[in-house]
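See structure below.
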Amino acid sequence: MNRDARLWATRWALAAAATAFAASASVGVAQGGRDGRGLRPAADPGVVVATEIAFARLAKEKGQWTAFAKFAAPDAVMFVPEPVRAQKWLKRQRNPVRSVTWEPYQLWTSCDGTIAVTRGPWTGADGSVGYFTTIWQRQKDDTYRWVLDQGDTLAKPLTPPDLVQADVADCPARKLGAFGGPPRDDRRGKFAPAPVAADGLSGTSSDGSLSWSAAVAPDKSRELHVSLKRGEAMKEVLASSVAAPR
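All the letters of the sequence shown, read from the start, carry residue numbers -22 to -1, 1 to 224 under mature numbering (1 follows the signal peptide of the UniProt record, and there is no 0).
Rendered as structure tokens:
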């Protein structure tokens, strides 16, 4: 299966799986009125994958840094290699003649879908290869925007899976009669985005079923950790480190 065929198969397979998950999981969506006040958000891996694909496509069509700015949240952080606020940094950059290309291979998402993490390979215009990890935050309009992006070079490319590997956190137990969803931030009942620390280097999903944190050392080496709820405990599902620049 070629790259484009694999991506489209992945998109639709995950979208179907996400629909089934949302429809069947009693902890995912509760019945409510027409204003949505009885609804609880649910994970939607297919939407996250589709967003990552659209991000990569825009980079190819309109320019690498144009796409990064378009899909970044207002306070998003990236590493150059020190952490910087992406939107401010991107305004000073010119698009390279040829963009880096990438695609998602793995995905982790909270039960409520307010935070998701993607990981996959990138290929540079010069043939260099590496990996990326991106933290996605669901916005009030239900779109996803990235809040942290990082990666590193590799000696050889990642082995491609047949389909994107999606991992959904266990849902927190709900108290009888309790809403249990993320806080709403306006009178129309829209959900507020999941919280991110002031420095942009850590956060949790609104339901607490996914947590992530990045740490940067004085020599600019860094680590990234992601944990998902498994039963009554949090289990680390991703740990990556980037060496100090030479």
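Heads up, the beta-carbon is just placed ideally off N, CA and C, and yes, glycines get one too.
Just so we're clear, the structure is a prediction, and the values are computed from it rather than from any experiment.
Touching by the beta-carbon criterion (3+ pairs, under 8 Å), the segment 90 to 100 and the segment 57 to 64: no
Alpha-carbon spacing of G41 relative to R70, whole angstroms: Within the sequence shown, residue 41 is the residue found at index 63, counting from 1. Within the sequence shown, residue 70 is the residue found at index 92, counting from 1. Whole-angstrom Cα-Cα distance: 14 Å.
C-alpha gap between A103 and P74, whole angstroms: Numbered from its first residue, the sequence shown carries residue 103 at position 125. Numbered from its first residue, the sequence shown carries residue 74 at position 96. Approximately 9 Å, taken between the alpha carbons.
M212 beta carbon less than 8 Å from that of S218: Looking up residue 218 in the sequence shown gives position 240. Looking up residue 212 in the sequence shown gives position 234. Not in contact: S218 and M212 (Cβ atoms no closer than 8 Å).
CA-to-CA distance, C89 to P23, given in whole angstroms: The sequence position of residue 23 within the sequence shown is 45, counting from 1. The sequence position of residue 89 within the sequence shown is 111, counting from 1. Between P23 and C89, the C-alpha separation is close to 10 Å.
Buried or exposed by the 16-neighbour rule on C-beta atoms within 10 Å, applied to V55: Counting from one through the sequence shown, the residue named residue 55 turns up at place 77. Label assigned to V55: buried.
Secondary structure of A1, DSSP reduced to three states: On the sequence shown, residue 1 is found 23 positions in, with the first residue counted as 1. Low confidence applies to A1: its pLDDT is 38, below 50, so where it sits in the model is not reliable enough to give any reading.
8 Å CB neighbourhood of L36 in its chain, flanking five on each side removed: Position 58 of the sequence shown holds residue 36. For L36, where only same-chain residues beyond five positions count, the Cβ hits under 8 Å are T44, A45, K48 and F49.
Between the CA atoms of W80 and T101 - distance to the nearest angstrom: Position 123 of the sequence shown, counted from the first residue, corresponds to residue 101. Position 102 of the sequence shown, counted from the first residue, corresponds to residue 80. The straight-line gap from Cα to Cα measures roughly 6 Å.
Other residues of its chain near Q84: CB distance less than 6 Å, five sequence neighbours each side excluded: As a position in the sequence shown, residue 84 is number 106, starting the count at 1. Only R97 and Q143 meet the Cβ criterion.
Other residues of its chain near K38: CB distance less than 6 Å, five sequence neighbours each side excluded: In the sequence shown, residue 38 corresponds to position 60, counting from 1. Result list for K38: S77, in chain order.
Best match in P19, T29 and A221 for proximity to V194 [C-alpha to C-alpha]: Here residue 194 is taken as the residue at index 216 of the sequence shown, counted from 1. Selected option, being the one with the closest Cα: A221.
Contacting residues, own chain, Cβ-Cβ under 8 Å from P135 (five flanking each side not counted): Numbered from 1 along the sequence shown, position 157 holds the residue referred to as residue 135. Once the five neighbours on either side are set aside, the close Cβ partners of P135 are P99, T101 and V107.
DSSP-derived helix/strand/coil call for V27: Stepping through the sequence shown from its first residue, residue 27 is reached at position 49. V27 falls in the helix class under three-state DSSP.
Start-to-end residues for the beta strand (DSSP E) that takes in Q143: Numbered from its first residue, the sequence shown carries residue 143 at position 165. Unbroken beta strand (DSSP E) run through Q143: Q143 to V146.
Beta-carbon proximity list for A34, same chain, < 7 Å, skipping 5 on both sides: Translated into the one-based positions of the sequence shown, residue 34 becomes position 56. Taken in chain order, the residues that qualify are T79, W80 and E81.
Cβ neighbour criterion (16 or more within 10 Å) applied to A21: Within the sequence shown, numbered from 1, the residue matching residue 21 stands at position 43. Buried, by the Cβ-count rule.
Range of the contiguous beta strand (DSSP E) that encloses A51: The residue you call residue 51 lines up with position 73 of the sequence shown. Taken as a continuous stretch (DSSP letters only), the beta strand (DSSP E) holding A51 covers A50 to F57.
D13 classed as buried or exposed, judged by whether at least 16 other C-beta atoms fall within 10 angstroms: The residue you call residue 13 lines up with position 35 of the sequence shown. Any reading at D13 must be qualified, since the residue scores a pLDDT of 40, below 50, and its modelled position is unreliable; no value is offered.
Nearest-angstrom Cβ-Cβ length linking T87 and V146, presumed shorter than 8 Å: Numbered from its first residue, the sequence shown carries residue 87 at position 109. Numbered from its first residue, the sequence shown carries residue 146 at position 168. Between V146 and T87 the Cβ distance is about 5 Å, and since that is below 8 Å, they are a contact.
Under 8 Å between C-beta atoms of G178 and L126: Position 200 of the sequence shown holds residue 178. Position 148 of the sequence shown holds residue 126. Going by C-beta atoms, G178 is nearer than 8 Å to L126.
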